[in-house]
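Enquirer:
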Amino acid sequence: MKKVLVDTDVIYDLLAKREPYYTFAARLFTKADHNKVKLFISALTIANMHYMLSRLKSDKEARKY
Numbered sequence: 001m002k003k004v005l006v007d008t009d010v011i012y013d014l015l016a017k018r019e020p021y022y023t024f025a026a027r028l029f030t031k032a033d034h035n036k037v038k039l040f041i042s043a044l045t046i047a048n049m050h051y052m053l054s055r056l057k058s059d060k061e062a063r064k065y
């Protein structure tokens with residue numbers, strides 16, 4: 001199985017539905033759902049995602065992701 005280190009931007013593209021990158025991100029995560037690839041993120045990605053999403057939504061809503 002292929003292993004992929006996912007960058008913060010790819011996750012952000014998926015969660016924020018940021019075009020034109022959303023389609024690629026959605027396909028990548030769909031492949032992971034079907035066990036075709038194994039996705040990894042760095043520990044810093046979690047903090048970065050919280051910061052980026054809290055700029056779009058409230059802090060409470062950002063924590064849901």
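All the letters of the sequence shown, read from the start, carry residue numbers 1 to 65 under UniProt numbering. All residues carry an ideal CB built from backbone N, CA and C; glycine is no exception.
If we ignore side chains and look at the alpha-carbon of each, how far apart do Ile41 and Lys31 end up?
Expert: If I take the Cα positions, the gap works out to 16 Å.
Enquirer: Decide if Leu14 is buried, meaning its Cβ has at least 16 other Cβ atoms within 10 Å, or exposed.
Expert: buried
Enquirer: When DSSP labels each residue in this structure, what does Lys31 get in the three-state scheme?
Expert: helix
Enquirer: Beta-carbon within less than 7 Å of Tyr21's beta-carbon, same chain only, minus the 5 sequence neighbours each way: which residues are those?
Expert: Asp13
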